[in-house]
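Here the structure comes first, spelled out in structure tokens, and everything after it is commentary.
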Amino acid sequence: MAREVLGLGKQLAAEATCPLCLDLFAQPVLTACGHSFCGQCLEGVLGDPPRRAACPQCRAAVEPGSLRPNRSLGAMAGLARALEEVAARPLCPEHGELLALFCEPCAAPLCALCRDGPGHRQHRVRPADEAARELRVRGGAATGAGEGLGAFAGRGGVAEGHRLASPPANPKVEEKLLKAPK
Ligand SMILES: [Zn+2]
Ligand SMILES: [Zn+2]
Ligand SMILES: [Zn+2]
Ligand SMILES: [Zn+2]
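Residue numbers (full-length UniProt numbering): 1 to 182.
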């Protein structure tokens with residue numbers, strides 16, 4: 001399921017890619033001949049001051065005054081960008097679903113199917129980005145998502161029970177832990 005959505009995301013990204021910079025459209029404009037380019041990319045084609053030029057796609061004449069913003073394409077590029085971010089997130093090696101959850105007692109990233117399995121049913125599970133955000137707010141040095149979340153769970157509220165038995169945290173050590181390594 002997740003894989004299919006990511007495949008659609010790739011197609012969407014291809015549709016939302018500027019033929020000039022080969023990146024996702026940024027503030028795309030539509031020419032009279034029906035082609036779209038990033039505003040900046042087409043500015044580069046028209047020159048400064050802008051003059052009539054040939055459309056990079058079909059060679060039809062493009063008049064500087066005839067351009068219109070292509071807002072729906074810009075929105076599509078934004079969507080493709082968001083999906084690419086999701087695609088960059090790791091998938092569960094067991095189920096192939098997004099590791100969008102984080103099990104606090106296990107200090108492990110989980111997918112939705114992992115959570116419903118017998119291993120974590122009794123565990124406190126939260127959205128992974130929420131856990132990561134909390135870590136960032138606390139000033140933790142999150143180098144990678146997995147590492148950062150692990151560090152978060154080590155100091156997190158769920159460990160409170162064990163903490164009662166252990167001596168109070170040394171504030172100096174705490175301070176060192178919170179400082180990002182150079
Ligand atoms: Zn472009
Ligand atoms: Zn054209
Ligand atoms: Zn899983
Ligand atoms: Zn668990």
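Quick reminder that beta carbons are idealized off the backbone N, C-alpha and C, glycines included. If you're wondering where the values come from, they're calculated on a predicted model, not measured in any experiment.
* Less than 8 Å separating the beta-carbons of P56 and L20? -> Residue numbering aside, residue 56 sits at position 56 when the sequence shown is read from its first letter. Residue numbering aside, residue 20 sits at position 20 when the sequence shown is read from its first letter. Their beta carbons are under 8 Å apart, which means P56 touches L20 by this criterion.
* To do: Pull up the distance between the alpha-carbon of V45 and that of C103, whole angstroms please.
  => The residue labelled residue 45 in the question sits at position 45 within the sequence shown. The residue labelled residue 103 in the question sits at position 103 within the sequence shown. About 52 Å.
* Asked: On the premise that L83 lies in contact with G9, defined as a C-beta separation below 8 Å, what is that separation, rounded to the nearest angstrom?
  -> The sequence position of residue 9 within the sequence shown is 9, counting from 1. The sequence position of residue 83 within the sequence shown is 83, counting from 1. Right, their Cβ atoms sit about 4 Å apart.
* To do: Using DSSP bridges, identify the partner residues of C111.
  => Start at 1 with the first residue of the sequence shown, and residue 111 comes out as number 111. C111 is not bridged to any residue.
* Asked: From the DSSP output, which residues share a beta bridge with P28?
  -> The count along the sequence shown starts at 1 and reaches residue 28 at position 28. Paired residue(s): C38.
* N-terminal and C-terminal residue of the alpha helix (DSSP H) that R136 is part of -> Within the sequence shown, numbered from 1, the residue matching residue 136 stands at position 136. Its alpha helix (DSSP H) spans residues A128 to V137.
* To do: Check whether the Cβ of A102 sits closer than 7 Å to any heavy atom of ligand 1, and report yes or no.
  => Within the sequence shown, the letter at position 102 stands for residue 102. It is Phe, not Ala, that sits at residue 102 in the sequence shown. Flag unset: Cβ of F102 not near ligand 1.
* Distance, R124 Cα to H162 Cα -> The residue given as residue 162 occupies position 162 in the sequence shown. The residue given as residue 124 occupies position 124 in the sequence shown. Any answer about H162 is weak, because its pLDDT of 44 lies below 50 and its placement is not dependable; what the coordinates show is given next. Near 16 Å, if we compare the C-alpha coordinates of R124 and H162.
* As assigned by DSSP and simplified to three states, the class of L101 -> As a working mapping, residue 101 is identified with position 101 in the sequence shown. Three-state DSSP puts L101 in a strand.
* Between A108 and L24, is the Cβ-Cβ spacing less than 8 Å? -> Position 108 of the sequence shown, counting from 1, holds the residue named residue 108. Position 24 of the sequence shown, counting from 1, holds the residue named residue 24. No. Outside cutoff.
* Asked: For E43, which of G117, R59 and L67 has the nearest alpha-carbon?
  -> In the sequence shown, counting from the first residue as 1, residue 43 sits at position 43. That would be L67, whose Cα lies nearest to the Cα of E43.
* According to DSSP, residues forming a beta bridge with V125 -> Locating residue 125 in the sequence shown gives position 125, where the first residue counts as 1. Answer is C103.
* Is it true that the CB of A61 sits closer than 8 Å to the CB of R51? -> Residue 51 sits at position 51 when you count from the first residue of the sequence shown. Residue 61 sits at position 61 when you count from the first residue of the sequence shown. No, Cβ-Cβ distance for R51 and A61 is not below 8 Å.
* **Reference L22, options L30, C38 and T31, closest by Cα** => The residue you call residue 22 lines up with position 22 of the sequence shown. Closest by alpha carbon: C38.
* Flag this pair as yes or no: are the beta carbons of L113 and E134 separated by less than 8 Å? => Taking the first residue of the sequence shown as 1, we reach residue 113 at position 113. Taking the first residue of the sequence shown as 1, we reach residue 134 at position 134. The answer is no: Cβ separation not under 8 Å.
* Asked: Just to check, is the beta-carbon of L20 closer than 7 Å to a non-hydrogen atom of ligand 3?
  -> The sequence position of residue 20 within the sequence shown is 20, counting from 1. No, Cβ of L20 sits at least 7 Å from all heavy atoms of ligand 3.
* To do: Report back the beta-carbon spacing between L101 and P90 to the nearest angstrom; my notes put them in contact at under 8 Å.
  => Along the sequence shown, read from residue 1 onward, the residue named residue 101 stands at position 101. Along the sequence shown, read from residue 1 onward, the residue named residue 90 stands at position 90. The Cβ separation is near 12 Å, so there is no contact.
* To do: Using a threshold of 8 Å, state whether the C-beta atoms of A26 and A80 are closer than that.
  => The count along the sequence shown starts at 1 and reaches residue 26 at position 26. The count along the sequence shown starts at 1 and reaches residue 80 at position 80. Not closer than 8 Å, so no.
* To do: Tell me whether residue 199 sits in a helix, a strand or coil according to DSSP, three-state version.
  => For the chain, the structure presents residues 1 to 182; residue 199 sits outside this window and is missing.
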